[in-house]
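Residue numbers for the sequence shown follow full-length UniProt numbering, beginning at 516 and rising by one.
Positions of the beta carbon are idealized from the N, C-alpha and C atoms, including for glycine.
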Amino acid sequence: AELAGQLREAIDEGQLHLVYQPVVRLGTGEIAGCEALVRWRHPVRGQVHPTDFIPIAESSGLIVPLGRFVLRESVRQAARWRKHDLRMNVNVAGRQLREPGFVNEVAAVLTTSHYPPELLTIEVTETAVLSDDEAIEALHGLRAIGVNLALDDFGTAASSLGLLLTCPMTTLKLDRSFVEGVTTVTRQAAVATAVAQMANALDLNAVAEGIETPEQARLLRGLGYEFGQGFLFSRPLTPADFEELLLNGV
Ligand code: G
Ligand code: G
Ligand code: MN
Ligand code: NA
């Protein structure tokens, strides 16, 4: 409860900031885009990790103003990096999707920053949209304005393959729990293989998350993952560090 009160202040007083983790084209190693991840610089506690405050933000409703900050800031940054032709991925919670006017808000942010909708990807989790008609309707609205949609942490939650029929997704992100043992654990490799085949059959982009070794990257590329993300390439970076990476490559 204390943290919830402080989170309200944090949003108003600019204690939140964004870091960006590169998304790499596994075939060439080039940076195709990035995922915006929120961070909280707490005046007393120091860095508070999103896993410690996103749940509080969701239960208190503060995810709506927090998400508004994340969306504006990430799109503004993406527009500044426009000449690098980067895609920007932004995480959105179910609560945000259900907020009336969310699609209009995204459209307005894109217009204000002169950023093309085709370069923005909204990431949602399976649980955020599962059996939620309003959230699914928002996904259709976002797709209608040209925004891309990724199913994040794919395979972890109450995976409903039916979501792939009811939601207009453009991208599947294989959860890093399957990537961890993909070179050694047969069952994880089997899931990674099945997800890649499904993505390719449905004409969806396939992204593997949490890649930490060159062997994982090679294997996943072979399985059909066009894109990868993980500490092998880079941790999430401040805008200044990300720009340096853009100049020097991964
Ligand atoms: O880097 P990482 O530890 O930052 O992220 C931890 C979790 O927090 C991930 O599940 C990620 O999706 C989530 N997260 C990070 N930034 C945001 C954000 O801006 N909005 C939402 N809804 N979730 C986020
Ligand atoms: O749930 P989501 O995928 O949105 O969150 C991404 C989270 O995964 C962030 O917390 C990010 O810091 C973390 N992450 C990114 N790459 C790696 C990696 O290679 N290994 C591990 N263990 N975590 C990672
Ligand atoms: Mn994500
Ligand atoms: Na993820």
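**Asked** From this set, Ala-723, Thr-753, Leu-760, Arg-750, which residue's C-alpha is nearest Gly-542's C-alpha?
**Response** Proximity to Gly-542 across Ala-723, Thr-753, Leu-760, Arg-750 peaks at Ala-723, based on C-alpha coordinates.
**Prompt:** Does the beta carbon of Gln-611 fall short of 7 Å from some heavy atom of ligand 2?
**Reply:** No; taking the cut-off as 7 Å, the Cβ of Gln-611 has no heavy atom of ligand 2 nearer than that.
**Message:** What does the alpha-carbon distance come out to for the pair Arg-523 and Leu-747?
**Reply:** Take the alpha-carbon of Arg-523 and the one of Leu-747: they are about 35 Å apart.
**Request:** Tell me, please, which residues DSSP counts as bridged to Trp-596.
**Result:** Beta-bridge pairing links Trp-596 to no other residue.
**Request:** Return the bridge partner residues of Thr-686 from the DSSP annotation.
**Result:** Checking the DSSP bridge columns, you'll see Thr-686 partnered with Ala-665, Asn-720.
**Asked** Are at least three pairs of beta-carbons, each pair with one atom in the segment 554-561 and one in the segment 605-616, less than 8 Å apart?
**Response** As far as the Cβ criterion goes, the segment 554-561 does not touch the segment 605-616, which means the pair count is below three.
**Message:** Taking 8 Å as the threshold (C-beta atoms), are Leu-654 and Phe-669 in contact?
**Reply:** No, these two residues do not count as a Cβ contact at 8 Å.
**Request:** Please report the residue range of the beta strand (DSSP E) in which Pro-537 lies.
**Result:** Counting along the chain, Pro-537 sits inside the beta strand (DSSP E) bounded by residues 531-540.
**Identified DSSP bridge partners for Ile-637** = Ile-637 is bridged to Val-605, Leu-664.
**Message:** Nearer than 7 Å: is that true of the beta carbon of Glu-641 relative to any heavy atom of ligand 3?
**Reply:** Relative to ligand 3, Glu-641 has its C-beta separated by 7 Å or more from all heavy atoms.
**Item:** CB of Ala-672 within 8 Å of CB of Phe-693, strictly
**Value:** No, the pair does not count as a contact, with Cβ atoms beyond the cut-off.
**Message:** Three or more C-beta pairs under 8 Å: does that hold for the segment 572-580 against the segment 627-641?
**Reply:** The segment 572-580 vs the segment 627-641: no contact.
**Request:** Alpha carbon to alpha carbon, how far is Asn-720 from Leu-735? Give it in angstroms, no decimals.
**Result:** For Leu-735 and Asn-720, the distance between alpha carbons rounds to 13 Å.
**Message:** Using the Cβ count rule (16 or more neighbours within 10 Å means buried), how would you classify Leu-738?
**Reply:** That one is buried.
**Request:** Count the other CB atoms, across all protein chains shown, that sit within 10 Å of the CB of Asp-527; report buried if there are 16 or more and exposed otherwise.
**Result:** Flag for Asp-527 reads exposed.
**Prompt:** Around the C-beta of Val-644, are 16 or more other C-beta atoms found within 10 angstroms, so that it is buried, or is it exposed?
**Reply:** It counts as buried.
**Item:** Reduced DSSP category for Val-553 - H, G, I as helix; E, B as strand; rest coil
**Value:** Here Val-553 carries a strand assignment [DSSP, helix/strand/coil].
**Request:** Determine the contact status of Met-603 and Gly-548, defining contact as a CB-CB distance below 8 Å.
**Result:** Met-603 places its beta carbon less than 8 Å from that of Gly-548.
**Item:** CA-to-CA distance, Leu-586 to Glu-758, given in whole angstroms
**Value:** Straight across, the Cα-Cα distance linking Glu-758 with Leu-586 is about 20 Å.
**Three-state class that DSSP yields for Ile-546 in the structure shown** = Correct three-state label for Ile-546: strand.
**Prompt:** With 16 as the cutoff for other CB atoms within 10 Å, does Asp-667 come out buried or exposed?
**Reply:** Classification for Asp-667: buried.
**Item:** Residues passing the C-beta test against ligand 2 heavy atoms, cut-off 5 Å
**Value:** Any residue whose Cβ sits closer than 5 Å to a heavy atom of ligand 2 makes the list: Gly-725, Glu-727, Gly-745, Phe-746.
**Asked** Which class does Phe-742 belong to by DSSP, given the choice of helix, strand or coil?
**Response** Strand at Phe-742.
**Message:** Taking only three categories from DSSP, how would you classify Val-559?
**Reply:** Coil.
**Asked** For ligand 3, is there a heavy atom less than 7 Å away from the beta-carbon of Asp-667?
**Response** Checking every heavy atom of ligand 3 against the Cβ of Asp-667, one is found closer than 7 Å.
**Item:** Neighbourhood of residue 772 by C-beta distance below 6 Å, restricted to the same chain and skipping five residues each side
**Value:** This structure gives no information on residue 772, because the portion of the chain shown stretches from 516 to 765.
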